[in-house]
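Only one structure is covered here, and it is reproduced in the block below.
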Amino acid sequence: MIFLAHCTDSIGLVAKISGFFAEHKLNILSLEEHTEQGEFFRKYYKAYMFA
Numbered sequence: 000m001i002f003l004a005h006c007t008d009s010i011g012l013v014a015k016i017s018g019f020f021a022e023h024k025l026n027i028l029s030l031e032e033h034t035e036q037g038e039f040f041r042k043y044y045k046a047y048m049f050a
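Quick note: numbering that gives the first Met the number 0 has the sequence shown finishing at residue 50, numbered continuously throughout.
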């Protein structure tokens with residue numbers, strides 16, 4: 000699976016997104032992230048659900 004995130008950058012954003020994945024028992028093997036002019040972008044690769 001690949002998930003994309005794009006929103007306004009803010010404090011605690013990475014923790015909120017990571018918490019969402021943990022709550023839904025998703026494991027992330029690889030990701031890319033960056034900010035541009037106050038916007039946050041993150042791409043998750045190879046996310047899978049724990050059994």
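No residue lacks a Cβ here, since even glycine has one placed at the ideal position from N, Cα and C.
Rounded C-beta distance between F40 and K24? I'm assuming under 8 Å.
Here the question's residue 40 lines up with position 41 in the sequence shown. Here the question's residue 24 lines up with position 25 in the sequence shown. By a beta-carbon distance limit of 8 Å, F40 does not contact K24. Their separation comes to about 24 Å.
Segments of 4+ residues assigned as alpha helix (DSSP H) that fall wholly inside the segment 9 to 34
Whole alpha helix (DSSP H) segments, 4+ residues: 12 to 22.
DSSP three-state label for F2, please.
Mapped onto the sequence shown, residue 2 falls at position 3. Look at F2 here: in three-state DSSP terms it is strand.
Would a C-beta distance cut-off of 8 Å place E38 and H5 closer than the cut-off?
Counting from one through the sequence shown, the residue named residue 38 turns up at place 39. Counting from one through the sequence shown, the residue named residue 5 turns up at place 6. Note that the C-beta distance between E38 and H5 is below 8 Å.
Around the Cβ of I16, are there at least 16 other Cβ atoms within 10 angstroms (buried) or fewer (exposed)?
As a first step, residue 16 must be located in the sequence shown, where it is residue number 17. Around the beta carbon of I16, a 10 Å sphere encloses 16 or more other beta carbons of the protein chains shown; the residue is thus reported as buried.
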